[in-house]
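Participant: Take any residue in the sequence shown, count from 1 to its spot, add 485: that is its number in my numbering.
Positions of the beta carbon are idealized from the N, C-alpha and C atoms, including for glycine.
All values derive from a computational prediction rather than experimental measurement.
Once you've had a glance at the structure underneath, I'll fire off some questions.
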Amino acid sequence: MKEWTFQGKRIRLVQGNIALLECEAIVNPANTSLVLGGGVAGAIRKMGGPSIQEECDRLAPIKTGQAVVTGGGTLKARYVIHAVGPVNGEGDEERKLASATRNSLKIARGKRIREIAFPAISTGIFGFPLQKCSEI
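In structure tokens, the structure reads:
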């Protein structure tokens, strides 16, 4: 684990299963249909129970770059913020990823969430380069 302080905020880089983290909110790298399939979303579905998918079904669809929030079901996290990042090669990926991140943070601010965990959005099945994601 690595840790930094930036503008009075602590930032930690952790490798592991985001669905197991004890924090106020975790971010799910979602698809526009908000279907909790495999990867990070699958772990969230498995560990968080069916209520998260039920909430997603009521909120879907959303556009790339947008984010929505659901409860955390049986996760240790109180909330799951579902952020849709870009598919590599679709065009304007950097702006869309930055928008998904900013929209997740806006939701967190609105709910007064002080602790949030982000995965590397779009770097799994969506194929976005990990290095570029970390820079954004």
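Output yes or no for whether 7 Å exceeds the beta carbon distance between S589 and A552.
Facilitator: yes
Participant: Taking a contact to mean a Cβ-Cβ separation below 7 Å, would you say G570 touches I598 in this structure?
Facilitator: no
Participant: In its own chain, which residues sit with a C-beta less than 8 Å from the C-beta of G523, not counting the 5 before and 5 after it?
Facilitator: I610
Participant: Label I496 either buried or exposed according to how many other C-beta atoms from any shown protein chain fall within 10 Å of its C-beta, with 16 as the threshold for buried.
Facilitator: exposed
Participant: Suppose you measure from the CA of C618 to the CA of S536; what does that come to, to the nearest Å?
Facilitator: 30 Å
Participant: For P546, report the span of its alpha helix (DSSP H) as first-last.
Facilitator: From DSSP, P546 is part of no alpha helix (DSSP H); its letter is neither H nor E.
Participant: Which residues in the same chain as I566 place their Cβ atom closer than 6 Å to its Cβ, once the five residues preceding and following it in sequence are excluded?
Facilitator: A510, V512, A552, V554, S589 and I592
Participant: Got a sec, what are the start and stop residues for the beta strand (DSSP E) K494 sits in?
Facilitator: Under the DSSP assignment, K494 falls in the beta strand (DSSP E) whose first and last residues are K494 to L498.
Participant: Give the DSSP-derived three-state secondary structure of K596 in the structure shown.
Facilitator: coil
Participant: What number of angstroms, rounded off, separates the C-alpha of E600 from the C-alpha of C508?
Facilitator: 6 Å
Participant: Are the Cβ atoms of A602 and A585 separated by less than 7 Å?
Facilitator: If you check the CB distance, A602 and A585 do not come in under 7 Å.
Participant: Leaving out the 5 sequence neighbours to the left and right, which residues in its chain are closer than 7 Å to I547 when beta-carbon positions are compared?
Facilitator: Contacts found: T517, L519, V553 and V569.
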